[in-house]
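Numbering (the working numbering), first residue to last: 27 to 205.
Quick reminder that beta carbons are idealized off the backbone N, C-alpha and C, glycines included.
Note that the coordinates shown come from a computational prediction; the quantities given were computed from them, not determined experimentally.
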């Protein structure tokens with residue numbers, strides 16, 4: 027334990043239990059209140075909740091007073107962000123937005139659109155919807171590919187024109203077969 031004089035002992039603050047060096051150190055006079063670092067640690071996808079003497083704690087605890095001549099160790103307590111995934115169906119059937127916690131599994135909503143094949147949900151940067159909730163709320167848009175149809179037009183027994191490959195929403199024109 028680092029001592030600055032005979033009655034001052036250190037409170038060590040760690041972001042993770044396996045950190046070699048503390049995030050911060052707070053010299054505290056024996057018997058006085060321990061003061062937390064001025065700046066809270068951060069962790070992507072999580073909100074800082076406070077400090078605990080238990081490295082596996084889910085709830086923070088009061089820091090209390092310096093009551094150990096060995097000093098005291100505290101560990102950051104984080105809670106996963108609650109995020110919302112918003113979906114733009116882009117012409118497809120309506121789906122419900124999803125809310126969950128960072129890191130939890132995401133079940134992608136299903137949408138359909140006549141004449142199109144669904145290719146997935148993409149964010150503004152072109153990233154596919156992940157299998158787990160991202161660190162922040164994100165908007166996703168359905169990506170579609172128009173179905174291709176093989177069309178043959180007959181007038182009676184006469185093939186009016188050769189086969190045509192057309193996609194949904196394409197405009198095609200065919201003759202009546204007369205010359």
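Buried or exposed (CB count within 10 angstroms, at least 16 for buried), residue i
{"i": "residue 228", "result": "Coverage of the chain is limited to positions 27 through 205, which leaves residue 228 absent and any answer about it impossible."}
{"i": "residue 68", "result": "exposed"}
{"i": "residue 47", "result": "exposed"}
{"i": "residue 141", "result": "exposed"}
{"i": "residue 150", "result": "exposed"}
{"i": "residue 205", "result": "Only weak support is given to the placement of residue 205: the predicted model assigns it a pLDDT of 46, under 50, and the question is left unresolved by the model."}
{"i": "residue 33", "result": "exposed"}
Residue i versus residue j: straight-line alpha-carbon distance, rounded
{"i": "residue 125", "j": "residue 108", "result": "7 Å"}
{"i": "residue 77", "j": "residue 95", "result": "20 Å"}
{"i": "residue 164", "j": "residue 144", "result": "20 Å"}
{"i": "residue 139", "j": "residue 61", "result": "59 Å"}
{"i": "residue 117", "j": "residue 72", "result": "34 Å"}
{"i": "residue 55", "j": "residue 129", "result": "41 Å"}
{"i": "residue 27", "j": "residue 53", "result": "At residue 27 the pLDDT is 49, less than 50, meaning the model places this residue with poor confidence and gives no usable figure here."}
{"i": "residue 175", "j": "residue 195", "result": "11 Å"}
{"i": "residue 121", "j": "residue 80", "result": "42 Å"}
{"i": "residue 197", "j": "residue 147", "result": "28 Å"}
{"i": "residue 115", "j": "residue 170", "result": "10 Å"}
{"i": "residue 64", "j": "residue 152", "result": "39 Å"}
{"i": "residue 74", "j": "residue 86", "result": "10 Å"}
{"i": "residue 36", "j": "residue 82", "result": "21 Å"}
{"i": "residue 49", "j": "residue 159", "result": "28 Å"}
{"i": "residue 30", "j": "residue 97", "result": "Residue confidence is low: residue 30 scores 47 on pLDDT, short of 50, so the model does not pin down where it sits. Its coordinate-derived value is still stated next. The straight-line gap from Cα to Cα measures roughly 12 Å."}
{"i": "residue 70", "j": "residue 51", "result": "23 Å"}
Residue of the options minimising C-alpha distance to residue i
{"i": "residue 131", "options": "115, 111, 137, 145", "result": "111"}
{"i": "residue 155", "options": "141, 173, 123, 174", "result": "123"}
{"i": "residue 58", "options": "89, 174, 80, 81", "result": "89"}
{"i": "residue 157", "options": "134, 49, 121", "result": "134"}
{"i": "residue 119", "options": "150, 193, 167, 51", "result": "167"}
{"i": "residue 161", "options": "50, 127, 153", "result": "127"}
{"i": "residue 172", "options": "35, 137, 193", "result": "193"}
{"i": "residue 84", "options": "98, 106, 70, 66", "result": "106"}
{"i": "residue 113", "options": "137, 49, 86", "result": "137"}
Below-8 Å beta-carbon distance, residue i vs any chain B residue
{"i": "residue 170", "result": "Absent from the structure: chain B. Only one protein chain is present."}
Exercise for review: Would you check if there are 3 or more beta carbon pairs closer than 8 Å linking the region 40-49 to the region 93-112?
Suggested key: Flag = yes, the region 40-49 and the region 93-112 touch.
**Study point:** 3 or more residues per run - each beta strand (DSSP E) lying fully within the region 74-143
**Key:** Listed in chain order, the complete beta strand (DSSP E) runs (minimum 3 residues) inside the region 74-143 are 98-106, 108-114, 124-127.
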